[in-house]
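Shown next, in structure tokens, is the structure this report addresses.
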Amino acid sequence: YQSYLMNYYSFFDAPTVKRTLLAQRGKDPVTAHINTIMDYSFYWFLGIYDYYKYTGDKKFVQDVYPRMQSLMTYIDGRKNKNGLLEWMPGDWIFIDWADKLSKDGEVSFEQLLYARSLETMALCAKLANDSENAAKYDVEAKALKAKIFELYWNQNKQALVHSRVEDKPTDNVTRYANMFGIFFDYFTPEQKIAVKENVLLNDKIAKITTPYMRFYELEALCAMGEQSYVLKEMKSYWGGMLKLGATSFWEEYNPDKKGVEHLEMYGRPYGKSLCHAWGASPIYLLGKYYLGVSPATAGYETYNIEPSLGGLEWMEGKVPTNNGEIALSVSKKEIKVKAAEGVGTLRLKSAIKPTV
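So, in structure tokens, the structure goes:
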């Protein structure tokens, strides 16, 4: 899934994304989650949502919609008595490579992904002219979102707790559901601020060490306007890889490791990939949250440009779209924009009134 996002801000190779989405899903009947991983089934739905947003390819959505329905039917059939998802035989609840991360009970992170997937189903049902199921999926998504906050939001901790075990919420707060809740825009403005302070910027909450999940954490912080903080984190974390001689993005990087320990993974001395999309998040973050380019409507028919220097003196870059490149040059005094097609909206914060 992450490789799709990196692709939209580097090569914009839409055909490869489309082929991969089809290959991942496979054929009916559905007998297991994608790669047996519950998270991956949901990321597949999110991948289709993003593919449409960036390419505007309505026909692909219509073609793949029956396979979306059959996978969602499979998932719906695995809900427990509470209408939530938890581990069942044959499932793998992955979340992240993290020691002592509980997968027991009804994990809030999985329920958030489930809600977002139902929202995707509602959108794609409309595109497939299936108004009846569009309404059904919309109702189900809203009901699940309400249930998530009813069952997992801890008023004292001002955050979503990690899980419920035997129908009781735990006191454990992790970063996963909370950071996704920010860029899914599931929180109120007040809740977003509370989550940022109590979870994302709280060193007492277990830290994320994999580039895979650091990506989502940094995106949540960028969505909250913390580009200056994120830039420092990128320089420290990915700069650490560079200092060790990295010429490509690693699958995992833990600054506490030494020497050949950096090559270990999966219980194997040289099991780590040293060229992996999971580690490539700066590509997406710099394009979307620093250059600030993103589609406002499907396929960049209209788009937004909201540059943020994040403490830099200047920056330049190009973002590929299906209508050509959007080129941007930004300094503290001047912004230059050039685009091939489409209608863009430039949004910026300035201490003085800008001139054109």
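The sequence shown runs 41 to 396 under our numbering. Positions of the beta carbon are idealized from the N, C-alpha and C atoms, including for glycine.
- At the C-beta level, Y330 and Q267 come within 8 Å of one another.
- In this chain, the alpha helix (DSSP H) harbouring M219 covers Y216 to F223.
- When secondary structure is reduced to three states using DSSP, P309 falls in the coil class, being assigned neither helix nor strand.
- Counting along the chain, the unbroken alpha helix (DSSP H) around V235 starts and ends at P229 to V235.
- Within the stretch 68-111, the runs of alpha helix (DSSP H) at least 4 residues long that lie entirely inside it are, in chain order, 78-95.
- Under the 8 Å Cβ criterion, the stretch 346-364 does not count as touching the stretch 100-111, having fewer than three qualifying pairs.
- Between the alpha carbons of K298 and E292 lies a gap of roughly 13 Å.
- Pairing V239 with S157, the inter-Cα distance amounts to about 24 Å.
- Secondary structure of K121 (DSSP, three-state): coil.
- Per the C-alpha coordinates, the member of G327, A286, I375 and S369 positioned closest to C262 is G327.
- Secondary-structure assignment with DSSP links N194 through a beta bridge to A199.
- Less than 8 Å separates the beta-carbon of I188 from that of Q151.
- Look at L368 here: in three-state DSSP terms it is strand.
- For S148, the enclosing alpha helix (DSSP H) begins and ends at S148 to L167.
- Counting C-beta pairs closer than 8 Å gives three or more between the stretch 244-257 and the stretch 277-292, which meets the contact rule.
- Within 10 angstroms of the beta-carbon of N75 lie fewer than 16 other beta-carbons, which makes it exposed.
- In the DSSP assignment, the residues bridged to S334 are N344.
- When DSSP reads this structure, P360 sits in a beta bridge with E365.
- Note on geometry: alpha-carbon atoms of V104 and Y94 lie some 17 Å from one another.
- Here F51 is exposed, its C-beta having fewer than 16 other C-beta atoms within 10 Å.
- Listed in chain order, the non-local C-beta contacts of A317 below 8 Å within the same chain comprise Q42, S43, M46 and F289, local neighbours out to five positions each way being set aside.
- With a beta-carbon spacing of about 19 Å, D139 and V205 fall beyond the 8 Å limit used to define contacts.
- Taken atom to atom, the span from the alpha-carbon of S81 to that of G87 is near 10 Å.
- For the pair E146 and N363, the Cα-to-Cα distance works out to about 43 Å.
- Between A175 and G130, the C-beta spacing is not below 8 Å.
- Counting every other CB atom within 10 Å of its CB across the protein chains shown gives T214 a total of 16 or more, marking it as buried.
- DSSP places L386 inside the beta strand (DSSP E), whose first and last residues are V383 to L386.
- With 16 or more other Cβ atoms from the protein chains shown falling within 10 Å of its own Cβ, L184 counts as buried.
- Per DSSP, reduced to three states, the secondary structure at P209 is strand.
- Rounded to whole angstroms, the gap between the alpha carbons of C164 and D296 is 44 Å.
- Within a 10 Å sphere around the beta-carbon of T337 sit fewer than 16 other beta-carbons, which makes this residue exposed.
- In the three-state reduction of the DSSP assignment, A286 falls in the coil class.
- With respect to the C-alpha of S203, the residue from E126, K272, N169 and I366 having the closest C-alpha is E126.
- The three-state reading of DSSP puts M355 in strand, counting E and B together.
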